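The UniProt record's numbering applies: residue 1 is where the sequence shown begins, and numbers increase by one. Heads up, the beta-carbon is just placed ideally off N, CA and C, and yes, glycines get one too. Since we're looking at a predicted model, the values are computed, not measured. Have a look at the structure below, then the notes.
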Amino acid sequence: MDSNKPQTQPYSTRLQRIYRAFGFAKGYNFVLWFLFGGAFLAFTLSRFIYLDFDGRLCPAEPPTNRPYGSRGAVPGECYYYRRGVGKAGIIMHLAGILPAAVLVVFQFLPVIRHRALLVHRINGYIVLLLSTVAMIGVFMIARHTFGGTLEMQTVTGAASILFVTCMLLSYINIKKLQLEQHRAWMIRGWIIAAHVVTMRLIGIIMAQITSRMDPYYTTTPCAVLDSMFYHNKPAVEALYPECIGFYTGDTPDQRVIIKGTSGGRPDEIAASLNSAFGASAWLALLIHIIAAELYLRLTSAESERLRKVSYRW
């Protein structure tokens, strides 16, 4: 055998070098962080464009060649977001949760905890502060977000309270040097926060299915329709003659019934999505609560290691 022939490094050894460089002791821990943390990070980065409120989230003019083109928000939401409390709430929420969500992905990297503990601590405080701002914003917009249905308001409140509780417990436990409990509550909180990603996926699938089978109907104020159609009065009156009274001022609170379909019109899309988001949000929240507990069971070795470290302190 030629002793000078370069030896090919085993695949398993190369893989170990990769995940150990990030501080992971087990390969499956790295895979879980890479897949779910990476997906969460990608979703978060894609939302940063909506910090441009007037340009991307709620533009005053429709996209070129799309007279009824939708905004970045769900059709109809911008009617409420353009008002004082709604605008302040959505800006606070996005400005808080987006940077917090980016930073928290790296907060779960073991290499940072092991080699740059001060960075981990400072980053953790920043995440908690930004999360607090974001949650205040959520409660300011919860009344009308994703259609503002009662089930949507309920699940928004439930998920927000769970998230805040997890963050509070994680803070209390780190002050008591209970590292494994701090880690557990942080994981629970952010997996719960990530349910909004799954909610959107499930909601879109539900909306597509229901619009092709037996579509649901929703009621929408003419004022919201006027906002959806960029104040195109002739278009709204042609589609919904009941809204004539809204424009004349005779019935300013006039509402109309809209069939939820996956067509190209914003009113139909909004009706389809808003009828699905409540159910999809509850289902996504349940899935993520279960997923958090499963993840903690799968990584019980890390919890045990942190428990031993806590006892030494």
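Neighbour-count burial assignment, residue i, 16 or more Cβ in a 10 Å radius
i	result
S131	buried
V196	buried
F48	exposed
S300	exposed
Cβ pair residue i, residue j closer than 9 Å
i	j	result
E77	T145	yes
G23	R113	yes
L239	D214	no
G86	I141	yes
A284	M199	yes
C222	R255	yes
L273	G147	yes
Reduced DSSP secondary structure (H/G/I, E/B, other) of residue i
i	result
K175	helix
M1	Confidence in M1 is poor, its pLDDT being 44 and thus under 50, which makes the residue's placement too unreliable to answer from.
V256	strand
R265	coil
A158	helix
F30	helix
C-alpha distance - residue i paired with residue j, whole-angstrom precision
i	j	result
Y216	D253	22 Å
R56	L294	38 Å
A194	I244	42 Å
A279	M152	8 Å
S303	E180	5 Å
Y19	A116	17 Å
I202	A276	8 Å
R312	I269	57 Å
I126	A100	7 Å
N123	V138	22 Å
L35	L129	26 Å
V105	M92	21 Å
L162	G189	7 Å
R14	H182	32 Å
For this session: Within the region 176-250, note down every full beta strand (DSSP E) run reaching 3 residues or more, in order along the chain.
Result: Here the runs fully enclosed are 217-221.
For this session: Quick one: which unbroken beta strand (DSSP E) runs of 3-plus residues sit fully inside the region 59-124? Chain order, please.
Result: Correct list: empty.
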